[in-house]
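Have a look at the structure below before the remarks.
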Ligand SMILES: CC(C)(COP(=O)(O)OP(=O)(O)OC[C@H]1O[C@@H](n2cnc3c(N)ncnc32)[C@H](O)[C@@H]1OP(=O)(O)O)[C@@H](O)C(=O)NCCC(=O)NCCS
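In the working numbering, the protein residues as written are 1353 to 1557.
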């Protein structure tokens, strides 16, 4: 009985999330939104310009946009519970990308490096200050190409490009670019293996 009620509430919550995003011009046709989805813009509302999702993509997790932030996710992707994306610049994700639970992707450091600026931040009322100080926060776009698989609790930090069909191993902290068809693991992430390109072997693109 309680399980059934939870299901009904979750479905209502998922519908609410969808309605809110669609009202703001975000195209969600053929996108599966979970009730565990939060899309938030620090100044204003998320729009179709700032948050774009391709068809047949499944979305859970938190997507936080700064005033200049944009997140563009391709088709046939899946992002599970505990995903956290933070954009103050641009996060681009290709098609067929799979993110396991608890991953973190950010194109910015969220806080300034300068001790003076950090002190100022902690002395300002919570919630009002972060996006106003974004000029002092380091930002660089992140690009994750088609077919990347991101293992559980991996982190992908600002300025990183991950080449197509690569794998980010569970728990990796990726701070530098990763070539295509590679496995990156560890902290800081290093390429530990090259993956056989079986598209070439099968004659498929
Ligand atoms: C990367 C992964 C797919 C393994 O691929 P694989 O081709 O079998 O690679 P191997 O096990 O041969 O590992 C290659 C090397 O990387 C290391 N390695 C693998 N995964 C690692 C990780 N998560 N962290 C650190 N090192 C790792 C291995 O120890 C090995 O090192 P060695 O060459 O010194 O012995 C797997 O380790 C992984 O992280 N999977 C993600 C699982 C996950 O998150 N699932 C959630 C649901 S999607």
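Glycine residues also receive a C-beta, built at the ideal position from the N, C-alpha and C atoms. Please read all numbers here as calculations on a predicted model, not as lab measurements.
(message) Taking 6 Å as the limit between beta carbons, can you name the residues of its chain near residue 1495, skipping five residues before and five after?
(response) On the chain shown, residue 1495 is found 143 positions in, with the first residue counted as 1. Correct list, in chain order: 1444 and 1513.
(message) Please classify residue 1308 as buried or exposed, where buried requires at least 16 other C-beta atoms within 10 Å of its C-beta.
(response) The question about residue 1308 has no answer here: the residues shown for the chain are numbered 1353 through 1557.
(message) Does the stretch 1402-1413 come into contact with the stretch 1422-1433, if we say contact requires no fewer than three beta-carbon pairs (one atom in each stretch) closer than 8 Å?
(response) Touching, yes.
(request) Verify the contact flag: residue 1453, CB atom, against every heavy atom of ligand 1, threshold strictly below 8 Å. (result) Mapped onto the chain shown, residue 1453 falls at position 101. The answer is yes for residue 1453.
(request) Would you check if the stretch 1468-1475 and the stretch 1452-1459 touch, i.e. whether three or more CB-CB distances between them fall below 8 Å? (result) no
(request) Put residue 1535 into one of helix, strand or coil per three-state DSSP. (result) Residue numbering aside, residue 1535 sits at position 183 when the chain shown is read from its first letter. DSSP places residue 1535 in strand when its eight states are reduced to three.
(request) Starting from the Cα of residue 1395, find the closest Cα among 1500, 1533 and 1422 and give me that residue. (result) The count along the chain shown starts at 1 and reaches residue 1395 at position 43. Per the Cα distances, 1422.
(message) Distance check for residue 1469 and residue 1502, CA to CA, integer angstroms please.
(response) Looking up residue 1502 in the chain shown gives position 150. Looking up residue 1469 in the chain shown gives position 117. Taking the straight line from one Cα to the other gives about 33 Å.
(request) Please report how far the alpha carbon of residue 1490 lies from the alpha carbon of residue 1387, in whole angstroms. (result) As a working mapping, residue 1490 is identified with position 138 in the chain shown. As a working mapping, residue 1387 is identified with position 35 in the chain shown. Distance between the alpha carbons of residue 1490 and residue 1387: 32 Å.
(message) Is the beta carbon of residue 1525 closer than 9 Å to that of residue 1515?
(response) Within the chain shown, the letter at position 163 stands for residue 1515. Within the chain shown, the letter at position 173 stands for residue 1525. Contact: no.
(message) residue 1408 and residue 1383 - do their beta-carbons sit closer together than 9 Å?
(response) By one-based count along the chain shown, residue 1383 stands at place 31. By one-based count along the chain shown, residue 1408 stands at place 56. Taking 9 Å as the Cβ cut-off, residue 1383 and residue 1408 qualify as a contacting pair.
(request) Within its chain, find whatever has a CB closer than 8 Å to the CB of residue 1376; leave out the 5 residues flanking it on each side and keep chain order. (result) In the chain shown, counting from the first residue as 1, residue 1376 sits at position 24. Same-chain partners within the cutoff: 1397, 1398, 1399 and 1400.
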